[in-house]
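Everything below concerns the one structure shown next.
Numbering (my numbering), first residue to last: 45 to 197.
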């Protein structure tokens, strides 16, 4: 790194600066109706990349991963999720072209009708058989892992 230090404006002391990955959460929301699985919720992003994505976002300072997952689910889908369980973490440096993020992926269930909110332009329920082609980030890999885990029980 060319510029690993910043100077204290008061005393001139050189302070090493660190570039760390940014924590994020993604929530695979299983839609349940009459105790039957109907599919998972994906949002079509308002912002670049304008593609389908698993609902999620950045963890706020002072917020737990679980709190962030519940908040992002509500903000992006309008759904109150339940049975939140951590699934897996994804940390490839290139997983998000905007910056290096580490995503903690959760699985949860919800009932009702999802509504696009916050960063979502539109929202839809998908099954494995009708997933869209244009899926953002590494979310296709995440969904493949999710569906494989469901098949293996």
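We treat Cβ as the ideally placed atom computed from N, Cα and C, and that holds for glycine.
Coil, strand or helix - residue 165 by DSSP: In the chain shown, counting from the first residue as 1, residue 165 sits at position 121. Looking at residue 165 - three-state DSSP - the assignment turns out to be strand.
Check whether the region 104-123 and the region 168-187 are in contact - that is, three or more C-beta pairs closer than 8 Å. No, because fewer than three Cβ pairs between the region 104-123 and the region 168-187 fall closer than 8 Å, the two stretches do not touch.
With DSSP as the reference, identify every bridge partner of residue 143, one or two as the case may be. Here residue 143 corresponds to residue number 99 of the chain shown, with the count starting at 1. Paired residues: none, contrary to the question.
In DSSP terms, what residue 107 is bridged to: Here residue 107 is taken as the residue at index 63 of the chain shown, counted from 1. Its beta-bridge partners do not exist; DSSP assigns none.
Would you kindly work out how many angstroms separate the C-alpha atoms of residue 158 and residue 97, rounded to a whole number? One-based indexing of the chain shown puts residue 158 at position 114. One-based indexing of the chain shown puts residue 97 at position 53. Approximately 14 Å, taken between the alpha carbons.
Using DSSP with H/G/I as helix, E/B as strand and the rest coil, what is residue 68? Here residue 68 corresponds to residue number 24 of the chain shown, with the count starting at 1. Strand.
Looking only at its chain, what residues have a beta carbon closer than 6 Å to the beta carbon of residue 45, apart from the 5 residues adjacent to it on each side? Walking along the chain shown from the start, residue 45 turns up at place 1. At residue 45, the pLDDT of 46 sits below 50, so the modelled position is not reliable; the number obtained from the coordinates is stated separately. Taken in chain order, the list of residues that qualify is empty.
So is residue 187 buried or exposed if we call it buried at 16+ other beta carbons inside 10 Å? For this step, residue 187 is matched to residue 143 along the chain shown. Buried is the call here.
Cβ distance (whole Å) where residue 147 is taken to contact residue 92 below 8 Å: Position 103 of the chain shown holds residue 147. Position 48 of the chain shown holds residue 92. In fact, because the Cβ distance is near 18 Å, the residues do not count as touching under 8 Å.
Report all residues from its chain with a CB closer than 8 Å to the CB of residue 48; omit the five preceding and five following residues, and keep chain order. Translated into the one-based positions of the chain shown, residue 48 becomes position 4. Cβ within range, chain order: 60, 61.
Nearest-angstrom Cα distance between residue 197 and residue 165? Along the chain shown, one-based indexing puts residue 197 at 153. Along the chain shown, one-based indexing puts residue 165 at 121. Cα to Cα, the separation comes out at about 33 Å.
Where do the ends of the alpha helix (DSSP H) carrying residue 185 lie? In the chain shown, counting from the first residue as 1, residue 185 sits at position 141. Element bounds for residue 185: 183-196.
In whole angstroms, give me the CA-to-CA distance for residue 87 and residue 72. Numbered from 1 along the chain shown, position 43 holds the residue referred to as residue 87. Numbered from 1 along the chain shown, position 28 holds the residue referred to as residue 72. So the alpha carbons of these two residues sit roughly 11 Å apart.
With distance defined between alpha-carbon atoms, name the residue in 133, 163, 169, 195 nearest to residue 89. Your numbering for residue 89 matches position 45 in the chain shown. Here the closest residue by C-alpha is 163.
Look at residue 151 and residue 85 and say whether their C-beta atoms are less than 7 Å apart. Looking up residue 151 in the chain shown gives position 107. Looking up residue 85 in the chain shown gives position 41. No, they are not a contact pair.
Check whether the Cβ of residue 84 sits closer than 6 Å to any heavy atom of the ligand SAH, and report yes or no. As presented, the structure is devoid of all ligands, the ligand SAH included, so that no description of it is given.
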